[in-house]
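Q: Take this structure, written in structure tokens, and hold onto it; I'll ask about it next.
Residue numbers (our numbering): 246 to 334.
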């Protein structure tokens with residue numbers, strides 16, 4: 246995913262930094278502790294939404310992840326994850 250792709254995403258209200266954090270931040274607690282937020286099951290995110298999002302940045306990341314997944318846009322996260330992985334190599 247290049248800068249042009251990220252600019253396209255931003256046009257639709259997807260913040261570049263939030264996307265990067267979604268694919269690089271791990272769940273800090275609970276059943277899915279240590280799992281990348283982008284890899285959390287949609288059912289878990291739906292459950293969390295029903296319970297109420299945690300406050301702060303984590304809640305923002307979880308809410309955005311559910312929005313992306315529920316709209317069938319997982320490919321965005323996978324492409325970004327791959328792009329970031331390629332940059333490290």
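Idealized CB from N, CA, C, for every residue including glycine.
Hey, does residue 270 have any beta-carbon neighbour from chain D nearer than 9 Å?
A: The structure shown contains no chain D, having only a single protein chain.
Q: If the criterion is Cβ atoms closer than 9 Å, does the pair residue 268 and residue 325 meet it?
A: yes
Q: Among the residues of its own chain, which have a CB less than 8 Å from the CB of residue 329, if the five just before and after it don't count?
A: 265, 268 and 269
Q: On a Cα-Cα basis, can you pick out the residue from 262, 308 and 331 that is closest to residue 292?
A: 308
Q: Compute the Euclidean distance between the alpha carbons of residue 263 and residue 311, then round it to the nearest angstrom.
A: 13 Å
Q: Where residue 284 and residue 322 are concerned, what is the direct C-alpha to C-alpha distance, given to the nearest angstrom?
A: 9 Å
Q: Taking only three categories from DSSP, how would you classify residue 259?
A: coil
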